[in-house]
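**Student:** Quick note on numbering: the sequence shown equals residues 7 to 236 in this note's numbering.
Glycine included, every Cβ here is placed at the ideal spot set by N, Cα and C.
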Amino acid sequence: MRHLDLFSGIGGFALAAQWAGFKTVAFCEIEDFPVKVLNKNFPGVPVHRDIRELDGSEYAGVELITGGYPCQPFSVAGKRKGQEDDRHLWPEMLRIITQARPSWVVCENVYGHVSLGLDEVLADLEREGYAARSFVVPACASGADHRRDRVWILANAAGGGKQQSSAWGNVGGLQSEILRKSWNPSHFKIEPRADRVADGVPNRVDRLRGLGNAIVPQVAYQLLRCIGAV
Numbered sequence: 007m008r009h010l011d012l013f014s015g016i017g018g019f020a021l022a023a024q025w026a027g028f029k030t031v032a033f034c035e036i037e038d039f040p041v042k043v044l045n046k047n048f049p050g051v052p053v054h055r056d057i058r059e060l061d062g063s064e065y066a067g068v069e070l071i072t073g074g075y076p077c078q079p080f081s082v083a084g085k086r087k088g089q090e091d092d093r094h095l096w097p098e099m100l101r102i103i104t105q106a107r108p109s110w111v112v113c114e115n116v117y118g119h120v121s122l123g124l125d126e127v128l129a130d131l132e133r134e135g136y137a138a139r140s141f142v143v144p145a146c147a148s149g150a151d152h153r154r155d156r157v158w159i160l161a162n163a164a165g166g167g168k169q170q171s172s173a174w175g176n177v178g179g180l181q182s183e184i185l186r187k188s189w190n191p192s193h194f195k196i197e198p199r200a201d202r203v204a205d206g207v208p209n210r211v212d213r214l215r216g217l218g219n220a221i222v223p224q225v226a227y228q229l230l231r232c233i234g235a236v
């Protein structure tokens, strides 16, 4: 199945999609350093630079669109301006979805999105004919030793038929598996400090920023695996 990756960053969704058997046909990423990473790790895949200039109809019929749209409007670490934030780019992602009409949409954002903006995103998707659900899945659910709670949104355009029921059954089983696990915060490692010093690592600040903005591909893989099993 074909995959269009929006707000691509350093390619976390594309890596998970590759593991799950999807073919990434294009990226959209505005930052220069992540684009270098994408070109290195996914040679030959085109990279659109500004989602506001991307015509989703170019990818009409693509099976999957993913995107971790900017979290700053919703993050508890910021001012939480929501739709008033000039970095609120969910409407642009929604525009691409309505133009391309993929079978599946998978989004990721910060936990603060639950109390600010998530209901609007789900309503937008449902208004466009998608059945949409959200899940909170932490990084530690995939074996990482830090929590990193994130909201994951899955939307399907199968129209309520057998395919959709099977897909939600797969995801529901995954959610039950996650909820059965117990996490002891005392077992999580403390992440090393990112001091601003010259340590000989090239592009260190860019790398840290890229990793900080990235999704956890191991979690995305589990969700895409459920979709691919339909």
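1. I'd like the ranges of any beta strand (DSSP E) spanning at least 3 consecutive residues and lying wholly in the stretch 101 to 166.
2. What whole-angstrom Cβ distance do A226 and A32 have, given they're in contact under 8 angstroms?
3. Which runs of the beta strand (DSSP E) fall wholly inside the stretch 16 to 54 and span at least 3 residues, in chain order?
4. Would you kindly work out how many angstroms separate the C-alpha atoms of V142 and V68, rounded to a whole number?
5. Quick check on N47: buried or exposed, where buried means 16 or more other Cβ atoms within 10 Å of its Cβ?
6. Which residues share a DSSP beta bridge with D2?
7. Tell me which same chain residues have a C-beta within less than 6 angstroms of the C-beta of A66, skipping the five on either side of it?
8. Give me the residue from C113, L44 and W25 with the minimum Cα distance to A235.
9. Would you identify the three-state DSSP class for L95, choosing helix, strand or coil?
10. Answer yes or no: do H9 and T72 have a C-beta to C-beta separation smaller than 9 angstroms?
11. P223: buried (16+ other C-beta within 10 angstroms of its C-beta) or exposed?
12. Can you tell me where the alpha helix (DSSP H) holding Y227 begins and where it ends?
13. Straight-line CA distance for V53 to L217?
14. Have a look at R101, P76 and A150 and flag the residue whose alpha-carbon is nearest the alpha-carbon of G118.
15. CB-CB under 6 angstroms to L128, same chain, minus the five flanking residues each way: which ones, in chain order?
16. Give me, in chain order, the residues of the same chain whose beta-carbon lies closer than 7 angstroms to that of G27; leave out the 5 immediate sequence neighbours on both sides.
17. Once DSSP output is grouped into helix, strand and coil, what is the label at G67?
18. Given a cut-off of 9 angstroms on the beta-carbon distance, is the pair Q232 and W158 in contact?
19. Any heavy atom of the ligand ATP inside 8 angstroms of the beta-carbon of Y75?
20. Applying the criterion that 16 or more other CB atoms from any shown protein chain within 10 Å of the CB defines a buried residue, is N45 buried or exposed?
21. Evaluate G1 with the Cβ neighbour count: other Cβ atoms within 10 Å of its Cβ, from every protein chain shown; 16 or more gives buried, anything less gives exposed.
**Tutor:** Quick look at the numbers:
1. For the stretch 101 to 166, whole beta strand (DSSP E) runs of length 3 or above, ordered along the chain, are 110 to 116, 137 to 144 and 155 to 162.
2. For this step, residue 226 is matched to residue 220 along the sequence shown. For this step, residue 32 is matched to residue 26 along the sequence shown. With 8 angstroms as the limit, A226 and A32 do not qualify as a contact, their Cβ atoms being about 18 angstroms apart.
3. The stretch 16 to 54 contains these whole beta strand (DSSP E) runs: 29 to 34.
4. Residue numbering aside, residue 142 sits at position 136 when the sequence shown is read from its first letter. Residue numbering aside, residue 68 sits at position 62 when the sequence shown is read from its first letter. V142 and V68 have their C-alpha atoms roughly 26 angstroms apart.
5. Residue 47 sits at position 41 when you count from the first residue of the sequence shown. Counting the other CB atoms within 10 Å of its CB gives N47 a total below 16, which places it among the exposed residues.
6. In the structure as shown, the chain begins at 7 and stops at 236. Residue 2 is therefore absent and cannot be evaluated.
7. In the sequence shown, the residue the question calls residue 66 occupies position 60. These residues qualify, in order along the chain: A106.
8. Numbered from 1 along the sequence shown, position 229 holds the residue referred to as residue 235. In terms of CA proximity to A235, W25 leads the group C113, L44 and W25.
9. By one-based count along the sequence shown, residue 95 stands at place 89. Three-state result, L95: coil.
10. Position 3 of the sequence shown, counting from 1, holds the residue named residue 9. Position 66 of the sequence shown, counting from 1, holds the residue named residue 72. Yes. Within cutoff.
11. Here the question's residue 223 lines up with position 217 in the sequence shown. P223 should be labelled buried.
12. As a position in the sequence shown, residue 227 is number 221, starting the count at 1. First-last of the alpha helix (DSSP H) with Y227: P223 to G234.
13. On the sequence shown, residue 53 is found 47 positions in, with the first residue counted as 1. On the sequence shown, residue 217 is found 211 positions in, with the first residue counted as 1. In this structure, the CA atom of V53 is about 19 angstroms from the CA atom of L217.
14. Position 112 of the sequence shown holds residue 118. For G118, the nearest C-alpha among the options comes from P76.
15. Position 122 of the sequence shown, counting from 1, holds the residue named residue 128. Correct list, in chain order: A138.
16. For the purposes of this step, residue 27 is identified with residue 21 of the sequence shown, where counting begins at 1. In the same chain as G27, and ignoring 5 residues on each side of it, the C-beta atoms closer than 7 angstroms to its own belong to G234, in chain order.
17. Your numbering for residue 67 matches position 61 in the sequence shown. Note: G67 maps to coil in three-state DSSP.
18. The residue given as residue 232 occupies position 226 in the sequence shown. The residue given as residue 158 occupies position 152 in the sequence shown. Looking at the sequence shown, residue 232 is not Gln but Cys. No. Outside cutoff.
19. The ligand ATP is not among the ligands present in this structure, which contains no ligands whatsoever.
20. For the purposes of this step, residue 45 is taken as residue 39 along the sequence shown, with counting starting at 1. Burial call: exposed.
21. Nothing about residue 1 can be reported from this structure: the residues present for the chain run from 7 to 236 only.
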